[in-house]
Amino acid sequence: MIMENKELVKSYGLKATPTRLSVLAALQKYSKPVSVFDILKNLNKNTDQTTVYRILNVFVEKGMIKKIDLKKDFSFFEINEGKHHHHLVCQSCSKIKEIESCDISAIEKQVLKKSGFKSIDEHALEFYGLCENCA
Ligand SMILES: [Zn+2]
Ligand SMILES: [Zn+2]
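See below:
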């Protein structure tokens, strides 16, 4: 059973305000990382960018969504589905593809050995190239 958004927001210890719910609904419309501008397109005109950023940051803090850096002047956000993955970004048209496989445990072992760190808890790794349309 799919949890209702109201319940979902509450399950993260947040009040389910109308604006938070519409930001969440906007994020759910896309199956890829989106910018604050994509989200604003889906909200009513009275909601400003600062408000949306504030909400997004609260969602990130609570672990409900993830913030992704894709080498642009702004951040991207996506629903945290608990599935570790990476992204491949077209440098020409900005198309984003999800990459599900992650096989970098060998690199992590090497990094641990060389750095003397006791653990590596997470990593972020994105790939950049040209898609079939832009190549
Ligand atoms: Zn492209
Ligand atoms: Zn990975």
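Sequence positions in the sequence shown follow the working numbering and run 873 to 1007.
Here a beta-carbon is modelled for each residue, glycine too, at the ideal position from N, C-alpha and C.
{"Asked": "Given Y884, which residues of its chain have a CB within under 6 Å of its CB, disregarding the five upstream and five downstream residues?", "Found": "K934, M936"}
{"Asked": "Apart from the five residues just before and just after C1006, which ones in its own chain have a Cβ nearer than 6 Å to its Cβ?", "Found": "C962, S964, C965"}
{"Asked": "To which residues of the same chain is L893 closer than 6 Å at the C-beta, ignoring the five residues directly before and after it?", "Found": "N877"}
{"Asked": "Let me confirm a value: K882 is counted as buried when at least 16 other C-beta atoms fall within 10 Å, else exposed. Which label applies?", "Found": "exposed"}
{"Asked": "P890: buried (16+ other C-beta within 10 angstroms of its C-beta) or exposed?", "Found": "exposed"}
{"Asked": "Is L942 a contact residue of ligand 1, with contact defined as CB to any heavy atom under 7 Å?", "Found": "no"}
{"Asked": "Rounded to the nearest angstrom, what separates Q900 and I992 at their Cα positions?", "Found": "30 Å"}
{"Asked": "Once DSSP output is grouped into helix, strand and coil, what is the label at S894?", "Found": "helix"}
{"Asked": "Can you list, in chain order, the residues of its chain whose CB lies under 6 Å from that of M873, leaving out five sequence neighbours each side?", "Found": "Reliability of the predicted coordinates at M873 is poor, the pLDDT of 44 falling under 50, and no value is obtained from them."}
{"Asked": "What beta strand (DSSP E) runs, 3 residues minimum, are completely inside the region 917-987?", "Found": "937-940, 948-951, 958-962, 968-971"}
{"Asked": "Out of I911, C1003, K943, which has the shortest C-alpha to C-alpha gap to L997?", "Found": "K943"}
{"Asked": "Strictly closer than 7 Å from CB to any heavy atom of ligand 1: give me those residues in the order they appear in the chain.", "Found": "C962, S964, C965, K967, L1002, C1003, N1005, C1006"}
{"Asked": "So the candidates are E994, K917, I911; which of them puts its Cα closest to the Cα of C974?", "Found": "E994"}
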